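Protein sequence lines correspond, in order, to chains L and X.
The numbering of the first sequence is this note's numbering, which starts it at 16 and goes up by one.
The numbering of the second sequence is this note's numbering, which starts it at -9 and goes up by one.
For glycine and all other residues, C-beta sits at the position ideal for the given N, C-alpha and C.
Remember, predicted model here, so these are calculated numbers, not experimental data.
What follows is a single structure, written as structure tokens, with notes after it.
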Amino acid sequence: MKTKIRIATTSLGGCFGCHMSLLDIDERLIPLAELIEFDRSPLTDIEHCTNCDIGLIEGGVCNSENVHVLREFRKNCKILVAVGACAITGGLPAMRNFIPLEECLAEAYIHDIGVENAQIPNDPELPLLLDKVRPLHEVVKVDYFLPGCPPSAEVFWTFLNDLIAGREPSLPYECVHYD
Amino acid sequence: MTKTIRIDGDTIPFEEGQTIIEAATAAGIYIPHLCHHPEFTPHGSCKLCTVNVNGRNCSACTFPAMEGQEILNNSQELQADRQKITQMLFVEGNHFCPSCEKTGNCQLQAVAYHLNMLDSHFPHFYAHREVDASHAEVLIDHNRCIFCTLCVRASHEHDGKEVFAISGRGINKHLIVNAESGLLKDTNLEATDLAAHICPTGAILIKRTAYQVPIGERSYDHQHIDQVSLALVHTDEN
């Protein structure tokens, strides 16, 4: 049996919209499943990735856990792909970068309407927030970027097919959108 | 005899007094640009129109066309330089396309698409910039200003007003308006002024018009900026 391409996916500071868009390739998932298998991914519930060919990461780097996960992906994936606006620019979560972290937390957990037992969560299990949300390329080396919010199903399909076929991935004009 | 220059090996005519970008546009050759506008005095600040003239780089929007010029425009090296310049513009401001109503009609975004820019490459500044929503009909979002001065020039040269100016230097450079309060509502800007419509990004917007043209039907959704840009110029001439 031919060895399948192993793909790991995760969402850091993302909304899983990029994952939903990947699933939007619909029935093409079936021929794709002949060629690939998923390693660590919200689709498999595998907790850690090991020896993958491709790592797809959506979302920016918002907290300490995101940094650990991103480094694990970089270490274990031959090709690391920043997927979507948040992974590439920080995106929507990065809009908090203009507000001091303490004010952000106070707004959400102390002053917001309807807050009961107001306190800033500080359980040691919770990952600490970074001072600023960062795009992936500011933390690790990223090999490819798929822009879009989210990138369309067509982007995933074109990109993965190019990569699996051993071609340099190339997106047609209509596939490149930042929104 | 017609005077000529050569751009990427093609011989094109020019008239005395034309800049390289004017001669190129008249001949149907697109040179990427953001701060250049055919109706206004060249500013030469965005550097996207950098071309190589007889071995030296210069801005096509300010450099006069002269007999015997051998010009490189669409070379791999220049396109790579232009992509880096565009990436610098993106990380210097805060250009969150998914939350910007100008998306699809934005020249900064369209130039980036044209140059196949897929990432921002540089670390983002995340500079703190304000929004001025004081005016009843026009909004300034300083996050998206690239200091091209098109609003400054349009206000001065076309509208006969002095609503906008650029203040400060280097990293402190910013757009200011002509009012003691510093607010747009206290200027004599009207929504019908050209200055309110000329912004190549989403920095100056007319309120309540955001999604009149739906996403998917906007200027650059299906067409490269070179096609749109050249078509516009030729429509204006007709």
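For residue j and residue i, believed in contact at Cβ under 8 angstroms, the rounded distance
i, j, result
"isoleucine 10 of chain X", "alanine 50 of chain X", "4 angstroms"
"valine 82 of chain L", "valine 154 of chain L", "6 angstroms"
"aspartate 54 of chain L", "cysteine 33 of chain L", "Contact flag wrong, Cβ pair sits at about 17 angstroms."
"aspartate 229 of chain X", "histidine 104 of chain X", "Within the shown structure, residues of chain X are numbered from -9 to 228, placing residue 229 of chain X beyond reach of any answer."
"cysteine 189 of chain X", "cysteine 36 of chain X", "Cysteine 189 of chain X to cysteine 36 of chain X, Cβ: 13 angstroms. No contact."
"histidine 146 of chain X", "serine 157 of chain X", "So it is not a contact: roughly 15 angstroms between Cβ atoms."
Coarse secondary structure for residue i, derived from DSSP in three states
i, result
"phenylalanine 4 of chain X", "strand"
"isoleucine -3 of chain X", "strand"
"asparagine 47 of chain X", "strand"
"aspartate 41 of chain L", "helix"
"aspartate 54 of chain L", "coil"
"tyrosine 103 of chain X", "helix"
"arginine 72 of chain X", "helix"
"threonine 15 of chain X", "helix"
"leucine 85 of chain L", "helix"
"phenylalanine 86 of chain X", "coil"
"serine 35 of chain X", "coil"
"asparagine 42 of chain X", "strand"
Contact check, residue i vs residue j, beta carbons under 7 angstroms
i, j, result
"glycine 218 of chain L", "valine 148 of chain L", "The displayed coordinates of chain L run from 16 to 194. Any statement about residue 218 of chain L would go beyond what the structure contains."
"glycine 192 of chain X", "arginine 134 of chain X", "yes"
"glutamate 67 of chain X", "asparagine 44 of chain X", "no"
"leucine 79 of chain X", "isoleucine 136 of chain X", "yes"
"threonine 52 of chain X", "proline 28 of chain X", "no"
"proline 162 of chain L", "leucine 108 of chain X", "yes"
"glutamine 99 of chain X", "cysteine 87 of chain X", "yes"
"isoleucine 94 of chain L", "isoleucine 61 of chain L", "no"
"valine 81 of chain X", "histidine 118 of chain X", "no"
Buried or exposed by the 16-neighbour rule on C-beta atoms within 10 Å, applied to residue i
i, result
"tyrosine 201 of chain X", "exposed"
"asparagine 228 of chain X", "A caution first: asparagine 228 of chain X carries a pLDDT of 43, below 50, which makes its placement in the model unreliable, though a value can still be read off. Exposed: under 16 other Cβ atoms inside 10 Å."
"histidine 63 of chain L", "exposed"
"isoleucine 103 of chain L", "buried"
"valine 96 of chain L", "buried"
"aspartate 271 of chain X", "In the structure as shown, chain X starts at -9 and stops at 228, and residue 271 of chain X therefore has no counterpart that could be examined."
"histidine 23 of chain X", "buried"
"asparagine 106 of chain X", "exposed"
"threonine 137 of chain L", "Residue identity check: residue 137 of chain L is asparagine in the sequence provided, not threonine. Label assigned to asparagine 137 of chain L: exposed."
"glutamate 12 of chain X", "buried"
"arginine 21 of chain L", "buried"
"cysteine 143 of chain X", "Note on residue identity: the sequence assigns arginine, not cysteine, to residue 143 of chain X. It counts as buried."
"alanine 109 of chain L", "buried"
"arginine 86 of chain L", "exposed"
"valine 203 of chain X", "exposed"
Own chain partners of residue i with C-beta closer than 7 angstroms, once the 5 adjacent residues on each side are dropped
i, result
"isoleucine 194 of chain X", "Val128, Ile130, Cys141 and Ala186"
"glycine 74 of chain L", "Ser26, Leu27, Gly28, Gly29, Cys101 and Ala102"
"asparagine 176 of chain L", "none"
"serine 124 of chain X", "Leu173, Leu174 and Lys175"
"valine 130 of chain L", "Tyr124"
"valine 191 of chain L", "Pro162"
6 angstroms CB neighbourhood of residue i in its chain, flanking five on each side removed
i, result
"threonine -6 of chain X", "Thr1 and Pro3"
"proline 165 of chain L", "Gly32, Cys33, Ser36 and Gly99"
"isoleucine 205 of chain X", "Gly94"
"arginine 208 of chain X", "Gly94 and Asn95"
"proline 150 of chain L", "Gly75, Ile103, Thr104 and Gly105"
"leucine 120 of chain L", "Ile135"
"asparagine 63 of chain X", "Ile(-3), Asp(-2), Ile21 and Val41"
"isoleucine 166 of chain X", "Ala155 and Ser157"
"aspartate 41 of chain L", "none"
Beta carbon proximity, residue i to chain A, threshold 7 angstroms
i, result
"histidine 164 of chain X", "No chain A is part of this structure, whose protein chains are labelled L and X."
Cut-off 8 angstroms between Cβ atoms - residues of its own chain near residue i, not counting five sequence neighbours on either side
i, result
"tyrosine 116 of chain X", "Asn84"
"asparagine 112 of chain L", "Gly105, Lys147 and Val148"
"cysteine 92 of chain L", "Ala23, Cys64, Cys67, Asp68, Ile69 and Gly70"
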